[in-house]
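In my numbering, the protein residues as written are 674 to 766.
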């Protein structure tokens with residue numbers, strides 16, 4: 674997606690356009706753009722939060738997961754616990 678398209682979507686999203694928010698979440702997820710996803714999540718997008726949890730889990734980004742857990746996200750807590758269990762299992766071998 675070109676920068677002018679993203680700029681327009683951001684403007685529409687800022688005005689509360691749910692479709693624009695959804696498109697931004699999808700595009701940010703595809704790009705792995707944590708900054709954009711955080712901004713969208715901070716503005717109330719649960720979809721952005723879900724994508725953040727998913728991407729952080731895939732990347733093993735414990736810091737991001739801890740940040741989300743500190744904000745009360747149970748899905749992030751579950752993923753973080755899974756990562757911790759996996760790393761403890763790896764250490765035991």
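We put the beta carbon where it would ideally sit given N, CA and C, even for glycine.
Own chain residues within Cβ distance below 6 Å of residue i, not counting five before or after
i	result
residue 748	726
Check: residue i C-beta below 7 Å from any heavy atom of the ligand HEM
i	result
residue 706	Among the components modelled here there is no ligand, and therefore nothing to report on the ligand HEM.
Outcome for residue i when other beta-carbon atoms lying within 10 angstroms are tallied against a minimum of 16
i	result
residue 716	exposed
residue 697	buried
residue 684	exposed
residue 675	exposed
residue 718	buried
Residue nearest to residue i in terms of C-alpha spacing, selected from the options
i	options	result
residue 753	688, 681, 736 and 678	736
residue 708	729, 689 and 693	729
residue 734	757, 677, 676 and 744	757
residue 693	681, 712 and 722	681
residue 714	731, 732 and 740	740
Boundaries of the alpha helix (DSSP H) in which residue i is found, first to last residue
i	result
residue 685	676-687
Cβ-based neighbour list, residue i, same chain, cut-off 7 Å, excluding 5 preceding and 5 following
i	result
residue 705	728
If we require 4 or more residues per run, which alpha helix (DSSP H) segments fall completely within the stretch 700-765?
707-715, 719-732, 735-743 and 747-765
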